[in-house]
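Enquirer: Attaching a single structure in structure tokens format; questions to follow.
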Amino acid sequence: NAGVMQNPRHLVRRRGQEARLRCSPMKGHSHVYWYRQLPEEGLKFMVYLQKENIIDESGMPKERFSAEFPKEGPSILRIQQVVRGDSAAYFCASSQNWGGTEQETQYFGPGTRLLVL
Amino acid sequence: DAKTTQPNSMESNEEEPVHLPCNHSTISGTDYIHWYRQLPSQGPEYVIHGLTSNVNNRMASLAIAEDRKSSTLILHRATLRDAAVYYCILPGAGSYQLTFGKGTKLSVIP
Chain F
529 NAGVMQNPRH LVRRRGQEAR LRCSPMKGHS HVYWYRQLPE EGLKFMVYLQ
579 KENIIDESGM PKERFSAEFP KEGPSILRIQ QVVRGDSAAY FCASSQNWGG
629 TEQETQYFGP GTRLLVL
Chain Z
5 DAKTTQPNSM ESNEEEPVHL PCNHSTISGT DYIHWYRQLP SQGPEYVIHG
55 LTSNVNNRMA SLAIAEDRKS STLILHRATL RDAAVYYCIL PGAGSYQLTF
105 GKGTKLSVIP
């Protein structure tokens, strides 16, 4: 059973360009989460999606960032007009479901390391 | 989320047991205790979680204090591949947001 897959693993963009990060959840998982890890910091929650729905985007910057999880295909985190401060590792996680009082385990991908020049 | 406190770093000799502590004095009755680890240049990896009773799996054991204000992750025989940052996380009942603090950086000495 393949784990969470992310691509590309490394992405270099110049200021003002767009960055598209892809995440394929584990087989059978319908919940996707995106986290960002700035240099020398812990991971910070960005957004939680289910198929075709954004459930919680409270951790996403209000501008330039968007996320989607279409009915078919991977989840996409899109960053428009990138700036140097967007340089970070972006991790995607997935879980099988969500409910009750026991939090479902989140399985993380290897991350995409974005460098903005 | 309940706040957790972990030592910044720990060292262990290879093939010896390691006890990684975590204090969470503001834990609520429904908070599960989760442990993840992050190896260099990789994504976080789930290790173990528990609520009240001690838990064991193939990776580690989790010992939870009777008052639940602290817990200890136990690696029974540290290997070089266990060198990582270990995070103790209490997401909160019904919460899916994992809050990663600074964690404990474990170094394993050959």
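Chains F and Z are the protein sequences, given in the same order.
If you count the first sequence from 1, you need to add 528 to reach our numbering.
If you count the second sequence from 1, you need to add 4 to reach our numbering.
Cβ coordinates follow ideal geometry from the N, Cα and C atoms, glycine included.
Which first and last residues belong to the beta strand (DSSP E) in which Thr-76(Z) is found?
Expert: Residues 74–79.
Enquirer: Within the same chain, show all residues whose beta-carbon is closer than 7 Å to that of Gly-107(Z), passing over the 5 residues directly before and after it, in chain order.
Expert: Around Gly-107(Z): Gln-10, Val-89, Tyr-90 and Tyr-91.
Enquirer: Quick check: is the beta carbon of Thr-629(F) nearer than 9 Å to any beta carbon in chain Z?
Expert: Low confidence applies here, because Thr-629(F) scores a pLDDT of 49, under 50, leaving its location unreliable and the question unanswered by this model.
Enquirer: Specify whether the region 605–616 of chain F and the region 530–547 of chain F touch according to this definition: at least 3 beta carbon pairs, one from each stretch, less than 8 Å apart.
Expert: Short answer: they touch.
Enquirer: Output the boundary residues of the beta strand (DSSP E) element that contains Gly-54(Z).
Expert: Per DSSP, Gly-54(Z) belongs to the beta strand (DSSP E) from 49–54.
Enquirer: Would you kindly work out how many angstroms separate the C-alpha atoms of Leu-577(F) and His-559(F), rounded to a whole number?
Expert: C-alpha separation (whole angstroms): 6 Å.
Enquirer: Measure how close the beta-carbons of Tyr-635(F) and Val-532(F) come, nearest whole angstrom, since I'm counting them as under 8 Å.
Expert: Yes, they are in contact, since the Cβ atoms of Tyr-635(F) and Val-532(F) sit about 5 Å apart, within 8 Å.
Enquirer: From the DSSP secondary-structure annotation, give me the bridge partner or partners of Phe-573(F).
Expert: Bridge partners of Phe-573(F): Tyr-563(F).
Enquirer: Helix, strand or coil, according to DSSP, for Arg-543(F) in the structure here?
Expert: Three-state DSSP puts Arg-543(F) in coil, outside helix and strand.
Enquirer: Give the residues of chain F in contact with Gly-105(Z), contact being defined as C-beta atoms less than 9 Å apart.
Expert: Going along chain F in sequence order, the residues near Gly-105(Z) (Cβ under 9 Å) are Gly-570.
Enquirer: Could you give the DSSP three-state label for Arg-550(F): helix, strand or coil?
Expert: Looking at Arg-550(F) - three-state DSSP - the assignment turns out to be strand.
Enquirer: So what's Leu-43(Z) in DSSP terms, helix, strand or just coil?
Expert: Looking at Leu-43(Z) - three-state DSSP - the assignment turns out to be coil, as it is neither helix nor strand.
Enquirer: Considering only their Cβ atoms, is the gap separating Leu-605(F) from Arg-537(F) smaller than 9 Å?
Expert: Against a cut-off of 9 Å, the Cβ pair of Leu-605(F) and Arg-537(F) comes out as no contact.
Enquirer: How many Å lie between Gln-565(F) and Leu-571(F) at the Cα?
Expert: Straight-line Cα distance between these residues: approximately 4 Å.
Enquirer: Of all the options Ala-64(Z), Ile-68(Z) and Arg-41(Z), which has the alpha carbon lying nearest to the alpha carbon of His-80(Z)?
Expert: Checking every option, the nearest Cα to that of His-80(Z) belongs to Ala-64(Z).
Enquirer: With 16 as the cutoff for other CB atoms within 10 Å, does Ser-13(Z) come out buried or exposed?
Expert: Exposed: under 16 other Cβ atoms inside 10 Å.
Enquirer: How would you list, in chain order, the residues of chain F whose beta-carbon sits under 8 Å from the beta-carbon of Pro-44(Z)?
Expert: Residues of chain F passing the Cβ test: none, with the nearest at roughly 12 Å.
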